[in-house]
Amino acid sequence: MSEVVFLLVPKLHLLDLAGAAQVFSTAADVLTRPGGSAPYRLRFVADDPEVPTAQGLAVKAETAWPRLGTDDLVMVPGWRSPGTAGGPRLSASQARNLFEHHRRGGTVASVCSGAFALGQAGLLDGRRCTTHHDLQEELARRFPDAAVIRDVLYTEDDRVITSAGIASGIDLALHLVAVRHGPAAAARVAREMVVFARRNGDEPQASAMLRHRSHLSDTVHRVQDRIDAHFTEPLRLPDLAAASGVSQRTLTRQFAEATGLTPLRYQSLLRLERAEHLIGHGATVDAAARAVGFADARMLRRLRAGAAA
Numbered sequence: 013m014s015e016v017v018f019l020l021v022p023k024l025h026l027l028d029l030a031g032a033a034q035v036f037s038t039a040a041d042v043l044t045r046p047g048g049s050a051p052y053r054l055r056f057v058a059d060d061p062e063v064p065t066a067q068g069l070a071v072k073a074e075t076a077w078p079r080l081g082t083d084d085l086v087m088v089p090g091w092r093s094p095g096t097a098g099g100p101r102l103s104a105s106q107a108r109n110l111f112e113h114h115r116r117g118g119t120v121a122s123v124c125s126g127a128f129a130l131g132q133a134g135l136l137d138g139r140r141c142t143t144h145h146d147l148q149e150e151l152a153r154r155f156p157d158a159a160v161i162r163d164v165l166y167t168e169d170d171r172v173i174t175s176a177g178i179a180s181g182i183d184l185a186l187h188l189v190a191v192r193h194g195p196a197a198a199a200r201v202a203r204e205m206v207v208f209a210r211r212n213g214d215e216p217q218a219s220a221m222l223r224h225r226s227h228l229s230d231t232v233h234r235v236q237d238r239i240d241a242h243f244t245e246p247l248r249l250p251d252l253a254a255a256s257g258v259s260q261r262t263l264t265r266q267f268a269e270a271t272g273l274t275p276l277r278y279q280s281l282l283r284l285e286r287a288e289h290l291i292g293h294g295a296t297v298d299a300a301a302r303a304v305g306f307a308d309a310r311m312l313r314r315l316r317a318g319a320a321a
C-alpha cells in the first residue's frame, strides 16, 4: 500500500485538495481486489490540527509527519495569495521533510500555487515546473533556477510533479494512476468519477490514454474505454465496431477524426507505454512484450525504435 500524504497550509483551496484526493480515494476503492489491501491510504498533515481553507471550511490534519518509503507520494495543494502577495511559507521542518522524502527516492507533487512550497523546499532548481497561469511570472522570479513551463496542465521532472491549478490536480492524479497501474486502471477511476480521462500535460511523460482523450465523441470514448480495459488482448476492428454500434468504416473515420489514430495504433501506443514502464522498473524487453500482449519482442522493438526516431 502506498501512502498519499497531503501537506496542508492555511488558506488552501478546497478543490486543489479534494480533486486529487478523490482520484486516489476512488483508486483505493476500485483497484482493491476482493480480500486484498487497498493500493492507497490518504493522510493529511499540517503544523496545526485544524487548517482554515480559502473557502471558509476548516479541515483536520495530523501534526506528526508519517514514516514514508519510496513508493509514497507527498502532494501540496495550492492556497490563496501565494508568493510575495502574502502567501504562507513552509515551516523549516515541513520544507526539510519534503526535501528528504524526495532525496530518499519518493515522489512529490503540487497543485496550483503549491509549486511555491516545492520551491521553498529547494525542489524546483534545475527542473521543469508549472503553476497557475496568473502565477507563472512570480514563480519564475522567486525561483530563477527553475524552468517554468507555460501553457501546460502539468509537468514531471525527476519525481517532482507540478500542475497548473484547481481541476488540473485531477488530471495530474489520473496520470499518476495510469503510470503506476496502467491506462485501464486510470480509465476505471475516471469512469467512476464521471469524468473523461482526456487532458494531458503536453509533456512526453503524459499517458497515451490521457493524451488522446481531448475530444467530445461519445462513440470514440466508448471504444477507447474498451481498448483501455483490454489493451493486452487481441482486439478485432469488427468486434469494436459492433460493440460501439457503428460500422467498421464509420468507426475508423470517427476514431481518426477524434484522435488522429486508428484503433489498432491507439492500442499499440498503450502497449508501448506500459512496456516502457515495465522496462524502466527492471523487466527485460522480452518479458515486457509478453506482459503487454505481444507474442514476442519483435513488434515491441519496432515500436520502440519508431518512437525514438
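Positions 13 to 321 (the numbering used here) are the ones given, in order, by the sequence shown.
Glycine included, each C-beta is placed from N, C-alpha and C at the ideal position.
Here the structure is a predicted model, which is why all the values come from computation and not from measurement.
In the DSSP assignment, S180 falls outside any beta strand (DSSP E) and lies within the alpha helix (DSSP H) extending over S180 to H193. Taken atom to atom, the span from the alpha-carbon of L312 to that of D240 is near 18 Å. Segment contact: the region 200-208 against the region 143-153, fewer than three CB-CB distances shorter than 8 Å; contact not assigned.
Check the Cα spacing between T231 and each of T244, L252 and L188: the tightest is with L252. Here G31 is actually not in contact with I161; their C-beta atoms are around 21 Å apart, not less than 8 Å. Pairing M87 with A50 gives a Cβ-Cβ distance that is not under 8 Å. Looking at the DSSP output, V16 shares a beta bridge with L54 and L85. Excluding its 5 nearest sequence neighbours in each direction, A121 has C-beta neighbours in its own chain below 6 Å: M87 and I173, listed in chain order. L24 sits in a strand when the DSSP states are folded into three classes. Counting C-beta pairs with one atom in each stretch, the region 266-278 and the region 291-307 have fewer than three that are closer than 8 Å, which means they do not touch.
In the DSSP assignment, V120 falls within the unbroken beta strand (DSSP E) covering T119 to V123. Out of C124, D157 and F128, the CA that lies nearest to the CA of G138 is found in D157. Annotation: H25 to T65 spans about 6 Å, alpha carbon to alpha carbon. The continuous stretches of alpha helix (DSSP H) do not include D146, and DSSP gives it neither H nor E.
DSSP places T167 in the uninterrupted beta strand (DSSP E) bounded by Y166 to D169.
Scanning its chain for C-beta atoms nearer than 6 Å, with the 5 sequence neighbours on each side dropped, one finds around R140 the residues A159, I161, T167 and D169, in chain order. As the crow flies, the alpha-carbon of L249 is around 21 Å from that of E285. Taking L282 as reference, the option from P78, Q236, V164 and R154 with the minimal CA-CA separation is Q236. Within the same chain, L85 and R171 come within 6 Å of T119 by CB-CB distance, once the 5 residues on both sides are set aside. Annotated three-state conformation of I161 is coil, per DSSP. Between Q132 and R101, the CB-CB gap stays under 8 Å.
Annotation: I291 to G68 spans about 46 Å, alpha carbon to alpha carbon. Beta-bridge partners assigned by DSSP to E62: K72. The beta carbons of F56 and L20 sit about 6 Å from each other, so the pair counts as a contact at 8 Å.
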